[in-house]
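For my numbering, add 1 to where a residue sits in the sequence shown, where the first one is 1. All residues carry an ideal CB built from backbone N, CA and C; glycine is no exception.
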Amino acid sequence: MEKLNIIIKEDMADSYTPYNKDFVFKIKRGIGGAKWNASLKCWSVPSDCVDAVRDIMKEVYGHDDTGGPAETVSIRLRFEEEFAECHGDVTLFGRCLSHAYGRDSGATCGSGVNYIKGYPKSGGSMKNWCSVVPAGAEISLKNVPKILYESYQPIKNIIVDLEGTEINADSLLAEKERLNARIAEIDKLLADAEFHRTMLRCIPQTH
Numbered sequence: 002m003e004k005l006n007i008i009i010k011e012d013m014a015d016s017y018t019p020y021n022k023d024f025v026f027k028i029k030r031g032i033g034g035a036k037w038n039a040s041l042k043c044w045s046v047p048s049d050c051v052d053a054v055r056d057i058m059k060e061v062y063g064h065d066d067t068g069g070p071a072e073t074v075s076i077r078l079r080f081e082e083e084f085a086e087c088h089g090d091v092t093l094f095g096r097c098l099s100h101a102y103g104r105d106s107g108a109t110c111g112s113g114v115n116y117i118k119g120y121p122k123s124g125g126s127m128k129n130w131c132s133v134v135p136a137g138a139e140i141s142l143k144n145v146p147k148i149l150y151e152s153y154q155p156i157k158n159i160i161v162d163l164e165g166t167e168i169n170a171d172s173l174l175a176e177k178e179r180l181n182a183r184i185a186e187i188d189k190l191l192a193d194a195e196f197h198r199t200m201l202r203c204i205p206q207t208h
């Protein structure tokens, strides 16, 4: 889970979050007076805009600085083709999947990101460098806010699955056989019960 923090200082509030291009876009365009504080490495906004910042945090990270998400899930990402972001990070579900700063810089991933297959890398040109997730990469993300998973809009050539939900045909068939056997037992019990009720109705009543 991403660590988020807001410190209110009189008429300004400093918000500390992991880098995410969507958060940057929303806070720059959506909150008047928002500015990047290079020395503190945070976004400063008017203190009366704190609620708006928290709304953006929830949209991007799935929670705000006041507490973690109510429910989380584990996700497996599979990249059928290379995915690149020029002059920025590759981010998904509030996580940094690939961070580069030049064509030949190499790349790293953020906290909470585990590459099962492949590694993040850099690419592009000297002028237009990119952060890259290679084709064939598989990535595991733990403790992803469920709200982010449920609001995810599919991206072409990126397969998103919940971990632990793979279908096991053998176990399903075995379970089906057990259920069918139990249903047969229940049908027999019901038939026996109906037979006994019928027999009782046929017995003459004495007064």
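Could you pull the start and end residues of the alpha helix (DSSP H) that residue i belongs to?
i, result
"A53", "51 to 62"
"I28", "22 to 31"
Whose C-beta lies closer than 7 Å to the C-beta of residue i among residues of the same chain, with five residues either side of it excluded?
i, result
"N6", "Y17, D66"
In terms of residues, what are the limits of the beta strand (DSSP E) holding residue i?
i, result
"D15", "13 to 17"
"K36", "36 to 38"
"L78", "73 to 80"
"S45", "43 to 47"
"E86", "84 to 87"
Among residues of its own chain, excluding the 5 on either side of residue i, which ones have a beta-carbon nearer than 6 Å to its beta-carbon?
i, result
"M127", "R104"
"T109", "H100"
"K36", "S45"
"I1", "Since the first residue of the chain shown is 2 and the last is 208, residue 1 is not available in this structure."
Note down the Cα distance separating residue i from residue j, rounded to an integer number of angstroms.
i, j, result
"V74", "K143", "7 Å"
"E151", "I187", "39 Å"
"M200", "K177", "35 Å"
"D12", "G33", "14 Å"
"G95", "N129", "24 Å"
"E167", "L190", "At E167, the pLDDT of 48 sits below 50, so the modelled position is not reliable; the number obtained from the coordinates is stated separately. Cα-Cα distance, rounded: 36 Å."
"V133", "E83", "7 Å"
"K147", "A185", "40 Å"
Output yes or no for whether 9 Å exceeds the beta carbon distance between residue i and residue j.
i, j, result
"G119", "A138", "yes"
"A14", "V54", "yes"
"Y20", "C97", "yes"
Could you pull out every residue in the same chain whose Cβ sits closer than 8 Å to the Cβ of residue i, ignoring the five residues on either side in sequence?
i, result
"N115", "I140, S141, L142, K143"
* At 3 residues or longer, and completely inside the segment 94 to 136: list those beta strand (DSSP E) runs for me, N to C. => 96 to 99, 114 to 118, 122 to 125, 130 to 134
* Run through the segment 135 to 167 for me and flag every whole alpha helix (DSSP H) of 4 or more residues, listed as ranges in chain order. => With a minimum length of 4 residues, the continuous alpha helix (DSSP H) runs that stay inside the segment 135 to 167 are 147 to 151.
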